[in-house]
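These notes are about the structure you will find just below.
Protein chains: 2
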Amino acid sequence: MSFEPLISKIREKNNPTVMGLDPILDYVPNYIKEKAVKEYGDTFKAAGEAIFEFNKGLIDAAAELVPAVKPQSAFYEMYGIEGLIALERTIEYAKAAGLYVILDVKRNDIGNTAEAYAKAFIGETKLFNSTAKATPVDCVTVNPYLGIDGIKPFIDIAAENDKSMFILVKTSNKSSGDFQDLSIGDTTLYRTVGAKVEQWGAPYISESGYSPCGAVVGATYPAQLTELRAAMPHTFFLIPGYGAQGGAANDIVGAFDKNKNGAIVNSSRALMCAYQKAGDDGTNFKACTRDAVIAMRDDINSVL
Amino acid sequence: MSFEPLISKIREKNNPTVMGLDPILDYVPNYIKEKAVKEYGDTFKAAGEAIFEFNKGLIDAAAELVPAVKPQSAFYEMYGIEGLIALERTIEYAKAAGLYVILDVKRNDIGNTAEAYAKAFIGETKLFNSTAKATPVDCVTVNPYLGIDGIKPFIDIAAENDKSMFILVKTSNKSSGDFQDLSIGDTTLYRTVGAKVEQWGAPYISESGYSPCGAVVGATYPAQLTELRAAMPHTFFLIPGYGAQGGAANDIVGAFDKNKNGAIVNSSRALMCAYQKAGDDGTNFKACTRDAVIAMRDDINSVL
């Protein structure tokens, strides 16, 4: 299965977009924040409530149009336990709305520690005489710096549970080249990591031709996207950096295969804060997000 | 300040050991588990209670003897919100016992996302009209794959708040060489990352000669430890892999400077599960852990 559920949702909605859910309080409409503070004071609890209320509206606005959402764990962890409760409620709400949930956690460790992370997100935790799901999502992001020891537990647990992962290969940020672009013989680190990701996923390729080991490749590096698509024919791509970070539709076209498959493009701020750009006070944030989602879908489809 | 509070605690206790707190349920003595299940059933809540009860005992047993503890986030995240509540309680209990708390989270991201993580653990989160601390510890582990964009927010926030971090350089696992040992011109990736860590910390060196940018270097690679100590004279080391992973006292001696300073050695399982090795049923786990802590301290000090 691996990425099959995501791929079928992308086809059904004709939209290879994932909506990022990075709900820092500055993004949340004032009326939602005021209500939360009135009820819970200037507290983490109020922050958690405001975030979940905002996310619910974003999901309501976009669920019909997008196949997936990607909550960024950092923006929930920064609000402590209350933030993490908001994350759990958001995941539950998104799944009930039929969305594929990619949790952006960039976890990495070795042996039974990596296994603990994999169990937490895409597997099951052993309790005393039973097992239970801690924070169940469809897919997580992981960091490859520790080598296969850090990835294998995710692959095994993804294969058992029909889940998937995106492994960082060439990230969208300015300094991604600090290490990723270093020359290794006649190649580079990101190409070497990309080749390993392709190899690690090879035994698990499913109907659509993709393995559960996806890769993160930034929209801000179009040449590398095209190059990696050719070098990694069985690796599904998650593409950050479209919109706010500067990537345009023409920059990402090379990430797709000849069937217009093989990649999903993330946008967080441009979709979540569409109301701010539209000069709205936040009252109509859902309609503004909906318009922005349609514009992004049409922008991407225009080049495919 | 940076690592000064840790260094003074190491000197005071004459012990460069950090006790890892990786409390998977298999490690927890039966009588603690039975009590938790009796009270809360076969649930995450019971797991959280059992974990915290065990951690309390471990901290009680070791607080007089060790300068620091290192909870591994994965083993709390795998028990969901209840696991994270146990983590918060453990951090609070350890700080009240005068211990330096290193949270092993290996977080990594870019820009305002990396900043959100840094605020969550070593800074403060902005709420509505105030700021508050989400999961306050003294030090975190971070992963360097995304380059300086992913590290700078941690450095800035550490400098503001007298906190510190350990950046992965050469990890203790078998496959750490998959990428870390690759040749980059006449050097390797881990050496290149090590040089950057030394450089990033340089503007923030404090009295003892160390910067807030520490490095993780595994006990399982003694030659690299010695080599990196020479190449990174202002970088404090966190050394995993002693004991259960196979590193011995003689393997880590090269990580220390001529003043017997510059490194702290982690042990998790060998200290937490000392009662199992001693053939105890768990009733006397505190005494067994205390003996194991003393044995480890004396083993390390014998080679310094």
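Heads up: the protein sequence lines correspond to chains A and B, in order. For the first sequence, the positions run 715 to 1018 when the numbering used here is used. For the second sequence, the positions run 715 to 1018 when the numbering used here is used. We treat Cβ as the ideally placed atom computed from N, Cα and C, and that holds for glycine. Nothing here was measured: the structure is a model prediction, and the numbers come from that model.
Checklist entry - My guess is that residue 1020 of chain B and residue 792 of chain A are in contact by the Cβ rule of under 8 Å, so how many angstroms apart are they, rounded? => result It is not possible to answer for residue 1020 of chain B, since the shown part of chain B is limited to 715 through 1018.
Next on the checklist: Taking 9 Å as the threshold (C-beta atoms), are residue 881 of chain B and residue 716 of chain B in contact?
Outcome noted: Taking 9 Å as the cut-off, the beta carbon of residue 716 of chain B is found no closer than this to the beta carbon of residue 881 of chain B.
Next on the checklist: So, at 8 Å on beta carbons, what are the nonlocal neighbours of residue 862 of chain B in its own chain, with the 5 sequence-adjacent residues on each side left out?
Outcome noted: Taking C-beta separations shorter than 8 Å and ignoring five residues to either side along the sequence, the partners of residue 862 of chain B in its chain run 910, 914, following chain order.
Next on the checklist: Taking the alpha-carbon of residue 780 of chain B as reference, which of B:751, B:795, B:735, B:731 has the nearest alpha-carbon?
Outcome noted: Measuring from the Cα of residue 780 of chain B, the nearest candidate turns out to be B:731.
Checklist entry - Applying a beta-carbon distance threshold of less than 8 Å, which residues of chain A neighbour residue 857 of chain B? => result Simply 820, 822, 857, 859.
Item to check | Cβ-Cβ separation, residue 934 of chain B to residue 959 of chain B (assumed contact under 8 Å), whole Å | outcome: About 6 Å; that satisfies the 8 Å criterion.
Next on the checklist: Within 10 Å of its beta-carbon, does residue 755 of chain A have 16 or more other beta-carbons around it, so buried, or fewer, so exposed?
Outcome noted: Flag for residue 755 of chain A reads exposed.
Checklist entry - Could one say the Cβ of residue 862 of chain B lies closer than 9 Å to chain A's Cβ atoms, at least one of them? => result Residue contact with chain A for residue 862 of chain B: present (Cβ-Cβ distance below 9 Å to some residue of chain A).
Checklist entry - Since residue 793 of chain A meets chain B, which of its residues come closer than 7 Å, beta carbon to beta carbon? => result Going along chain B in sequence order, the residues near residue 793 of chain A (Cβ under 7 Å) are 839, 848.
Checklist entry - Going straight from the alpha carbon of residue 742 of chain B to that of residue 815 of chain B, what length do you get? => result The alpha-carbon of residue 742 of chain B is positioned some 21 Å away from that of residue 815 of chain B.
Checklist entry - residue 1010 of chain A and residue 957 of chain A: beta carbons closer than 9 Å? => result For residue 1010 of chain A and residue 957 of chain A, yes; Cβs fall inside 9 Å.
Checklist entry - According to the Cβ coordinates, are residue 720 of chain A and residue 853 of chain A closer than 9 Å? => result In this structure, residue 853 of chain A lies closer than 9 Å to residue 720 of chain A by Cβ.
Next on the checklist: If contact is defined by three or more beta carbon pairs under 8 Å, each pair taking one atom from either stretch, is the region 790 to 806 of chain A in contact with the region 827 to 837 of chain B?
Outcome noted: Two segments are said to touch when three or more pairs of C-beta atoms, one from each, lie closer than 8 Å; by this definition the region 827 to 837 of chain B touches the region 790 to 806 of chain A.
Checklist entry - Can you tell me whether DSSP reads residue 919 of chain B as helix, strand or coil? => result Residue 919 of chain B carries a coil assignment under DSSP once its states are collapsed to helix, strand and coil.
Next on the checklist: So, at 6 Å on beta carbons, what are the nonlocal neighbours of residue 951 of chain A in its own chain, with the 5 sequence-adjacent residues on each side left out?
Outcome noted: If we look at residue 951 of chain A and ignore the five residues flanking it on each side, its Cβ neighbours are 929, 931, 969, 977.
Next on the checklist: Can you give me the C-alpha to C-alpha distance between residue 981 of chain A and residue 823 of chain B, rounded to a whole angstrom?
Outcome noted: The straight-line gap separating the alpha-carbon atoms of residue 981 of chain A and residue 823 of chain B is approximately 16 Å.
Checklist entry - Taking DSSP as the reference, what is the three-state secondary structure of residue 786 of chain B? => result Here residue 786 of chain B sits in strand by DSSP.
Item to check | Rounded straight-line distance, which links the Cα of residue 895 of chain A to that of residue 847 of chain A | outcome: In a straight line, the C-alpha of residue 847 of chain A is about 38 Å away from that of residue 895 of chain A.
Checklist entry - Do residue 773 of chain A and residue 808 of chain A have their C-beta atoms closer together than 9 Å? => result For residue 773 of chain A and residue 808 of chain A, yes; Cβs fall inside 9 Å.
Next on the checklist: Using beta carbons (cut-off 9 Å, strictly below), is residue 891 of chain B in contact with chain E?
Outcome noted: No chain E is part of this structure, whose protein chains are labelled A and B.
Checklist entry - If you draw a straight line from the alpha carbon of residue 949 of chain B to that of residue 902 of chain A, how long is it in whole angstroms? => result One C-alpha to the other measures close to 27 Å.
Checklist entry - Anyone know if the C-beta pair for residue 810 of chain A and residue 724 of chain A falls short of 9 Å? => result The answer is no: Cβ separation not under 9 Å.
Item to check | Own chain partners of residue 904 of chain A with C-beta closer than 6 Å, once the 5 adjacent residues on each side are dropped | outcome: The beta carbon of residue 904 of chain A lies closer than 6 Å to those of 883, 884, 894 in the same chain, with the five residues before and after it left out.
Next on the checklist: So, for residue 777 of chain B: in the same chain, excluding its five sequence neighbours on each side, which residues have a beta-carbon less than 7 Å away from its beta-carbon?
Outcome noted: When the five nearest sequence neighbours on each side are left out, the beta carbons in the same chain lying within less than 7 Å of the beta carbon of residue 777 of chain B are those of 811, 812, 813, in order along the chain.
Next on the checklist: Any beta carbon from chain A within less than 9 Å of residue 981 of chain B's own beta carbon?
Outcome noted: Chain A, which has no Cβ nearer than 9 Å to the Cβ of residue 981 of chain B, makes this no.
Checklist entry - Can you name the start and end residues of the beta strand (DSSP E) that residue 977 of chain B belongs to? => result From DSSP, the beta strand (DSSP E) with residue 977 of chain B extends over 977 to 981.
Item to check | Option nearest residue 971 of chain B by Cα separation, candidates B:961, B:1000, B:947, B:726 | outcome: With distances taken between Cα atoms, residue 971 of chain B lies closest to B:947.
Item to check | In chain order, each alpha helix (DSSP H) run of at least 4 residues that lies wholly inside the region 895 to 963 of chain B | outcome: Complete alpha helix (DSSP H) runs here, min 4: 903 to 915, 936 to 945.
Next on the checklist: So if I threshold CB-CB distances at 8 Å, which residues from the region 906 to 930 of chain A count as touching chain B?
Outcome noted: The residues in question are 906, 907, 910.
Checklist entry - Taking the alpha carbon of residue 989 of chain A as the point to measure from, which residue in A:936, A:1002, A:943 has its own alpha carbon closest? => result Nearest of A:936, A:1002, A:943 to residue 989 of chain A, Cα basis: A:1002.
Next on the checklist: Taking the beta carbon of residue 916 of chain A as the centre, do at least 16 other beta carbons fall within 10 Å, making it buried, or is it exposed?
Outcome noted: Result: exposed.
Checklist entry - residue 786 of chain A touches chain B at which residues, Cβ-Cβ below 7 Å? => result Within 7 Å Cβ-Cβ: 827.
Next on the checklist: Give me the chain B residues within the contact set of residue 756 of chain A, using Cβ-Cβ distance strictly less than 9 Å, ordered along the chain.
Outcome noted: Residues of chain B passing the Cβ test: 841, 842, 843, 844, 846.
Next on the checklist: So with CB distances below 7 Å, who are the chain A contacts of residue 716 of chain B?
Outcome noted: Simply none; closest approach about 22 Å.
Checklist entry - So which of B:1000, B:798, B:1016, B:1004 has the shortest CA-CA distance to residue 965 of chain B? => result With distances taken between Cα atoms, residue 965 of chain B lies closest to B:1016.
Next on the checklist: Only counting the same chain, and skipping five residues up and downstream in sequence, which positions put a Cβ closer than 7 Å to that of residue 729 of chain A?
Outcome noted: Exclusion of the five residues before and after residue 729 of chain A leaves 779, 780, 781, 1011 as the residues of its chain whose Cβ lies within less than 7 Å of its Cβ.
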